[in-house]
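Residue numbers (full-length UniProt numbering): 1 to 436.
The beta carbon of each residue, even a glycine, is placed where N, CA and C say it ideally should be.
Here's the structure we're looking at; comments come further down.
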């Protein structure tokens, strides 16, 4: 089990970062600082070295912090104590109480079959580090450690400071290279004799120094592109509040869904082509064939694809039907609830508690969570979790309310029919016949 990023075996990419950062700083102080104007050389050197030191500091913090899941950490610490069997039993009880529920009472853990312990719901087991990482983001080969909740901020700052250093370095080197070659092309002799390059820094000519700066400018450009992409990606992840792992899983699910939709569309296209050929619809057959061309029809011929039109129309129709159905259901429920009243005229509400419908007073349930109150201003004795007792209490009250509703509808001369939720799992269908 890997404890931190400095534990052997080291990763070749990690060793590359150890070598690259000192080389970049050394190259800047040898080939950029001496050829800059005095004031500019001081300011640019301070900025580059400050960003470089910040990058090294945050990288060190990220590698030394262990992002292991806290439950796994406590589990390993208890194992090292070689406690007695009684202590182990207490440990199991504490682990169960601590892991299975959070403060809100919701399940927030899962079982890791590799570590054989309950860990946080956001934890994932890393095969490289051989441990569970809380809020697992990804395993960074450049740092040779996992990035999780404990060290993610340091990782983000390390990427940002490294990007800042590369931008500062790249800007300075680009200015030096451009100014040198502009002067060199305009007057080569003047460059060799009147500029600072003719000082033969390190015993070489100005052209050699400029060539070295060009090589490192290419390296800086490549690093800036990669780091900017990485930094922008993590800015997006922080904005969405997800991890790299969650993003990869979500992206994979979306790709799979797109592939499934594409396969379904192609299946429908084959059927539609056969039908169009049978019915002799040449124009429709041509449109379907053009839209089905690989890499071309999907983008160019998409507006004239009949299947896409039908898909969009069906989608709009389904949304309208769904909204209408939801509106009708809400109207029916509101009508039923408003029609049910208490004998004494008090407000009555019908609520669903997972076991059927039970009427309660307008004040709500004042007793236990699963308790039921009878009609009236005073709450009745709270009923426990016994389904039989609860159903016996709610049946006469519900039937009385339904009878009042039936009498009201018969008196108004209207016919109505609705199905109420069953008590004890039985469906009761009450028909109200018109008196006229």
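Considering only the alpha carbon of each residue, which of 121, 267, 152 lies closest to residue 62? Nearest of 121, 267, 152 to residue 62, Cα basis: 152.
Pairwise C-alpha distance: residue 252 and residue 1: So the two alpha carbons sit approximately 29 angstroms from each other.
Between the Cα of residue 174 and the Cα atoms of 217, 26, 10, which residue gives the shortest distance? Selection 217, 26, 10 evaluated against residue 174 yields 217 as nearest (Cα-Cα).
Quick test of your reading: residue 159 and residue 81, contact by CB under 8 angstroms. State the CB separation rounded to the nearest angstrom. Actually they are not in contact, since the Cβ atoms of residue 159 and residue 81 sit about 39 angstroms apart, beyond 8 angstroms.
Can you list, in chain order, the residues of its chain whose CB lies under 8 angstroms from that of residue 134, leaving out five sequence neighbours each side? Same-chain partners within the cutoff: 67, 68, 69, 70, 119, 120, 122, 123, 148, 149, 150.
What residue range does the alpha helix (DSSP H) around residue 239 cover? Start and end: 206-240.
Within 10 angstroms of the Cβ of residue 442, are there 16 or more other Cβ atoms? Answer buried if so, exposed if not. Past the boundaries of the shown model lies residue 442; the chain is included only from 1 to 436, so the question cannot be answered.
With a CB to CB cut of under 7 angstroms and the five nearest residues on each side skipped, what residues in its chain are close to residue 56? Excluding its 5 nearest sequence neighbours in each direction, residue 56 has C-beta neighbours in its own chain below 7 angstroms: 21, listed in chain order.
By the three-class DSSP mapping on this structure, what secondary structure does residue 44 have? Under the three-state reduction of DSSP, residue 44 is assigned to helix.
What would DSSP say about residue 156, mapped onto helix, strand or coil? Three-state DSSP puts residue 156 in a helix.
Straight-line Cα distance separating residue 181 from residue 23: Near 24 angstroms, if we compare the C-alpha coordinates of residue 181 and residue 23.
Can you list, in chain order, the residues of its chain whose CB lies under 6 angstroms from that of residue 27, leaving out five sequence neighbours each side? Within its own chain, the residues whose Cβ lies closer than 6 angstroms to the Cβ of residue 27, once the five positions on either side in sequence are excluded, are 216, listed in chain order.
Top-ranked residue by Cα proximity to residue 32, from 179, 242, 263, 15: Considering only alpha carbons, the answer is 179.
Please name the residue in 223, 5, 136 whose C-alpha comes closest to that of residue 65. Here the closest residue by C-alpha is 5.
Exposed or buried, residue 139, counting other C-beta atoms within 10 Å across all chains shown (16 or more means buried)? Buried.
Give a yes or no on whether the C-beta atoms belonging to residue 177 and residue 210 are separated by under 7 angstroms. Taking 7 angstroms as the Cβ cut-off, residue 177 and residue 210 qualify as a contacting pair.
C-beta contact flag for residue 125 and residue 11 at 7 angstroms: It is not a contact, given that the beta carbons lie outside the stated cut-off.
With H, G and I counted as helix, E and B as strand and the rest as coil, what does DSSP make of residue 131? It is a strand residue.
Skipping 5 residues on each side, what residues in its chain have a beta carbon closer than 6 angstroms to that of residue 241? Here the set comprises nothing.
Can you name, in chain order, every residue of its own chain whose Cβ lies under 7 angstroms from the Cβ of residue 284, other than the five neighbours on each side? Taken in chain order, the residues that qualify are 276, 306.
Suppose the cutoff is 8 angstroms on Cβ atoms and the five residues either side in sequence are ignored; what does the same chain contact list for residue 3 look like? These residues qualify, in order along the chain: 66.
7 angstroms Cβ cutoff met for residue 112 and residue 166: Not a contact, by the Cβ cut-off of 7 angstroms.
Near residue 168, which residues of its chain fall below 8 angstroms by C-beta distance, leaving aside the five closest residues on each side in sequence? 44, 47, 48, 51, listed in sequence order.
Pair within 7 angstroms by beta-carbon distance, residue 455 and residue 72: This structure does not reach residue 455, given that the chain is present from 1 up to 436, and the question cannot be answered.
Please confirm whether residue 234 and residue 156 have their CB atoms less than 7 angstroms apart. Going by C-beta atoms, residue 234 is nearer than 7 angstroms to residue 156.
With the cut-off set at 7 angstroms, would you say residue 273 and residue 288 are in Cβ contact? Taking a C-beta distance under 7 angstroms as the contact criterion, residue 273 and residue 288 qualify as a contact pair.
How would you label residue 38, buried or exposed, when you count the other beta carbons within 10 angstroms and need 16 or more for buried? When all chains shown are included, residue 38 counts as exposed.
What's the gap between the Cα of residue 128 and the Cα of residue 144? Distance from the CA atom of residue 128 to the CA atom of residue 144, rounded to whole angstroms, is 9 angstroms.
Can you tell me where the beta strand (DSSP E) holding residue 110 begins and where it ends? Its beta strand (DSSP E) spans residues 109-112.
Checking the sheet assignment: what are the DSSP bridge partners for residue 145? According to DSSP, which records beta bridges pairwise, residue 145 is partnered with 140.
Where does residue 62 fall in DSSP's three states? Secondary structure of residue 62 (DSSP, three-state): helix.
For residue 126, which three-state DSSP category applies? Of the three classes helix, strand and coil, the one that applies to residue 126 here is strand, per DSSP.
Could you tell me the alpha carbon to alpha carbon distance between residue 219 and residue 25, rounded to whole angstroms? Using only the alpha carbons, I get a separation of about 13 angstroms.
Measuring alpha carbon to alpha carbon, tell me which of 280, 262, 114 ends up nearest residue 291. The option with the nearest alpha carbon to residue 291 is 262.
Which class does residue 68 belong to by DSSP, given the choice of helix, strand or coil? Strand.
Residue closest to residue 17, alpha-carbon to alpha-carbon, out of 75, 60, 130: Closest in alpha carbon position to residue 17, among 75, 60, 130, is 60.
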